[in-house]
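Here the sequence shown is numbered in the working numbering, starting from 45 and rising by one per residue.
Here the structure comes first, spelled out in structure tokens, and everything after it is commentary.
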Amino acid sequence: MSDALGIPAGAIRAVWVFAIDLPEGELDAFRQESHTEGGDVLWPLRDALGVTRLDHGQVEVFDIATIRDYGLARYLTEANGMDAASVAPDAARLDALTGAVALVFSAALPEDVARLDPRPPLRLIGRYAERLDFTPRTAPASATARSGQALPADPPEPKRPSDGAMMGRVALGALLVLFALVALMIWIAG
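Below you can see the structure in the form of structure tokens.
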């Protein structure tokens, strides 16, 4: 990790883990945005990260005790798809954390931001990236190739409509004829 606060270029998915050094009673006010009477948006978490915009759906703030048995390192790799090799050097440190943490995913950040500038109460623990897989994949030539079955010698015969479908068609035809007769009678009488 050359610059843990730098935003990786391209489509690399990353997550920054921050410890939040706040008393438990102040955590809700820190993680939620509020609006002033003038319409301004106040969001202490966004401001502490040093950015102007932040996508709520790409930020997680929680007390580490809620996943203590699972472990934060495992949560990052298994539940969020981060590369185990990038998490492994900090695994013991991540699992030893206490209190509240913020996980800020790269998708939460505006595209024009090149670097995070966190301020207290945030304390950077680390940045972890998704594993890049450059293994070439080739698509099968056809559906037959995917299924592994040979093509049948003769195409199957089309199915005959069911008796119920035929009765429905006959009934529809009879109703149309009756409608035409009634319309003709009304026209002649009128």
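Glycine is no exception: its CB is placed at the ideal position from the N, C-alpha and C atoms.
In this text, all values refer to a predicted model and were calculated from it rather than measured experimentally.
With respect to the alpha helix (DSSP H) encompassing residue i, which residues constitute its N-terminal and C-terminal limits?
i: Ile230; result: Asp207 to Ala233
i: Leu89; result: Pro88 to Leu93
i: Arg75; result: Leu71 to Arg75
First and last residue of the beta strand (DSSP E) that includes residue i?
i: Ile64; result: Ala58 to Ile64
Tell me which same chain residues have a C-beta within less than 7 Å of the C-beta of residue i, skipping the five on either side of it?
i: Glu68; result: none
i: Gln102; result: Phe149, Ala151 and Ala152
i: Ile230; result: none
i: Pro164; result: Asp65
Could you check the C-alpha separation between residue i and residue j for me, to the nearest Å?
i: Trp43; j: Leu71; result: This structure does not reach residue 43, given that the chain is present from 45 up to 234, and the question cannot be answered.
i: Arg175; j: Gly125; result: 8 Å
i: Leu116; j: Tyr172; result: 12 Å
i: Ala215; j: Glu122; result: 60 Å
i: Thr142; j: Asp107; result: 8 Å
i: Val221; j: Glu201; result: 33 Å
i: His100; j: Asp91; result: 13 Å
i: Ala224; j: Ile232; result: 12 Å
i: Leu219; j: Pro205; result: 20 Å
Once the 5 residues before and after residue i are set aside, which same chain residues still bring their CB inside 6 Å of it?
i: Asp134; result: Gly170
> Considering only residues of the region 103–169, which uninterrupted beta strand (DSSP E) runs meet the minimum length of 3 residues and lie entirely inside it, listed in chain order?
Replying inline: 103–107 and 144–149
>> Measuring CB atoms only, is the region 56–69 touching the region 144–163, in the sense that at least three cross pairs come out at less than 8 Å?
In response: yes
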